[in-house]
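Visitor:
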Amino acid sequence: MDYFLTFLDIVLVAAIVYLVLVFIKGTRASRIIYGIVLLALIFVLGRVLDLKTLNWSLKHIATLIIVAIPVVFQPELRRALEKLGRSRFFKEVLTRKQVGKIINEIIKTARILQKNKVGALIVIKRQTGLDDFIESGTTIDAELSNELLLNLFFPNSPLHDGAVIIKEGRVAAAGCMLPLSQGEYSYTHGTRHRAALGITEETDAIAIVISEERGAISLSHNGKLLENINEEDLEKKLLELLKETP
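Residue 66 is where the sequence shown starts when you use our numbering, and the numbers rise one by one after that.
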């Protein structure tokens with residue numbers, strides 16, 4: 066029995082470590098983890114060689130790191146907890162018809178906005194609630210159509226600067242304020258792209274951006290940005306991501 070419990074203990078720890086590594090892969094957390102691992106190796110070396118001053122310093126640094134981790138990795142921790150909390154039994158299901166309509170209307174809208182170089186930011190809700198962001202804008206609660214989206218993003222529209230949020234196949238709100246990413250794109254991209262990254266860093270939503278300057282289409286999901294994609298790639302990616310929702 067003791068051997069079985071020891072084996073189970075090792076398997077569970079290995080599984081947790083593996084899941085953590087998979088989760089942080091490709092995120093800003095992965096770069097910081099390397100630094101923490103390096104400090105851990107130095108700490109072990111200091112203990113082996115009995116370097117008292119080094120051990121004392123690293124002990125206090127470790128305390129600071131433990132306190133700082135929840136602050137520095139707040140978006141990553143939030144996404145991890147949300148993923149753990151998602152259950153198949155409570156998922157909101159988009160029908161195939163709804164998925165097709167969402168993609169079709171967004172593609173038609175993106176085509177016209179791209180041609181006319183009109184800036185836009187469209188967010189599609191998946192499982193994570195977006196009510197806080199919806200409440201920051203103007204409630205629309207209307208059937209999704211490219212005509213409605215074009216009117217909302219028309220340059221003289223009072224709501225064109227904010228984001229449009231699509232929830233359950235309907236336009237929930239427009240002119241919504243989103244969190245801005247503070248990552249590596251902060252100094253190289255405009256507000257819309259940073260907002261698209263920000264909302265997808267904190268939630269599992271999908272964000273589509275049309276650049277006002279270049280007319281380029283970009284898609285953000287899971288804190289990553291796919292830039293300068295064409296209509297075909299946009300359609301494929303949206304279908305892939307929205308099919309994960311059931």
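Every residue, glycine too, gets a C-beta built ideally from N, C-alpha and C.
Bear in mind the structure is a predicted one, so any value in this text is a computation, not a measurement.
Where does D206 land, buried or exposed, given buried means 16+ other C-beta within 10 angstroms?
Guide: D206 is exposed by the Cβ-count criterion.
Visitor: Assuming the contact rule is C-beta atoms closer than 8 Å, G288 and L262 should be a hit. Round their C-beta distance to whole Å, please.
Guide: At roughly 6 Å, the Cβ-Cβ gap stays under 8 Å, so G288 and L262 are in contact.
Visitor: Identify the continuous alpha helix (DSSP H) that holds H258 and give its terminal residues.
Guide: Residues T256 to E267.
Visitor: Is the beta carbon of A228 less than 9 Å from the beta carbon of V188?
Guide: Yes. Within cutoff.
Visitor: So within the segment 164 to 239, which uninterrupted alpha helix (DSSP H) runs reach at least 4 residues, ignoring any that extend past its ends?
Guide: Here the runs fully enclosed are 196 to 199 and 211 to 218.
Visitor: Starting from L290, trace the beta strand (DSSP E) in both directions and tell me its first and last residue.
Guide: K289 to L291 is the span of the beta strand (DSSP E), which, as asked, contains L290.
Visitor: Looking at the secondary structure, which residues open and close the alpha helix (DSSP H) in which L284 lies?
Guide: Segment I282 to H286 is the beta strand (DSSP E) holding L284; no alpha helix (DSSP H) there.
Visitor: I need the DSSP call for A270, collapsed to helix, strand or coil.
Guide: Coil, per DSSP.
Visitor: Cβ-heavy atom distance between K308 and the ligand MG below 8 Å?
Guide: No copy of the ligand MG appears in this structure; indeed no ligand is present at all.
Visitor: Could you check how far apart the C-beta atoms of I282 and A175 are, in whole angstroms? I think they sit under 8 Å.
Guide: Yes, they are in contact, since the Cβ atoms of I282 and A175 sit about 5 Å apart, within 8 Å.
Visitor: Given that a residue counts as buried once 16 or more other Cβ atoms are within 10 Å of its Cβ, and exposed if not, what is K117?
Guide: Flag for K117 reads exposed.
Visitor: Which residue's Cα is closest to the Cα of I126: I172, I199, L103 and L159?
Guide: Measuring from the Cα of I126, the nearest candidate turns out to be L103.
Visitor: Counting only the same chain and skipping the five closest in sequence on each side, list residues whose C-beta sits under 6 Å from that of S285.
Guide: For S285, where only same-chain residues beyond five positions count, the Cβ hits under 6 Å are A261, L262, T265 and A272.
Visitor: Just tell me which of D115, N181, R191 and L142 has its CA closest to the CA of A270.
Guide: Ranking D115, N181, R191 and L142 by Cα distance to A270 puts R191 first.
Visitor: Could you tell me which of L215, A133 and Y99 sits nearest to N181, measuring between CA atoms?
Guide: When only C-alpha atoms are compared, the closest one is L215.
Visitor: Can you give the Cα-Cα distance for V164 and L224, rounded to whole angstroms?
Guide: Taking the straight line joining both Cα atoms gives about 25 Å.
Visitor: Count the other CB atoms, across all protein chains shown, that sit within 10 Å of the CB of R153; report buried if there are 16 or more and exposed otherwise.
Guide: Because the pLDDT of R153 is 47, which lies under 50, any placement of that residue in the model is unreliable, and the number read from its coordinates should be weighed accordingly. So R153 ends up on the exposed side.
Visitor: Assign I294 to one of three DSSP states: helix, strand, or coil.
Guide: I294: coil per DSSP, three-state reduction.
Visitor: Do the CB positions of N211 and K162 come within less than 9 Å of each other?
Guide: In this structure, K162 does not lie closer than 9 Å to N211 by Cβ.
Visitor: Comparing alpha-carbon positions, which option in A239, V236, I275 and A238 lies nearest G255?
Guide: That would be I275, whose Cα lies nearest to the Cα of G255.
Visitor: Rounding to the nearest angstrom, what Cα-Cα distance links S122 and G111 in this structure?
Guide: Their backbone Cα atoms lie some 10 Å apart in a straight line.
Visitor: From K166, L195 and L217, pick the residue whose C-alpha is nearest to that of L178; which is it?
Guide: For L178, the nearest C-alpha among the options comes from L217.
Visitor: Using only alpha-carbon positions, find the residue among I199, A133 and N221 that is nearest to A238.
Guide: Among I199, A133 and N221, the Cα nearest to that of A238 is on I199.
Visitor: Where F155 and G248 are concerned, what is the direct C-alpha to C-alpha distance, given to the nearest angstrom?
Guide: Since pLDDT at F155 reaches only 47, below the 50 mark, its modelled position is unreliable, and no value is offered.
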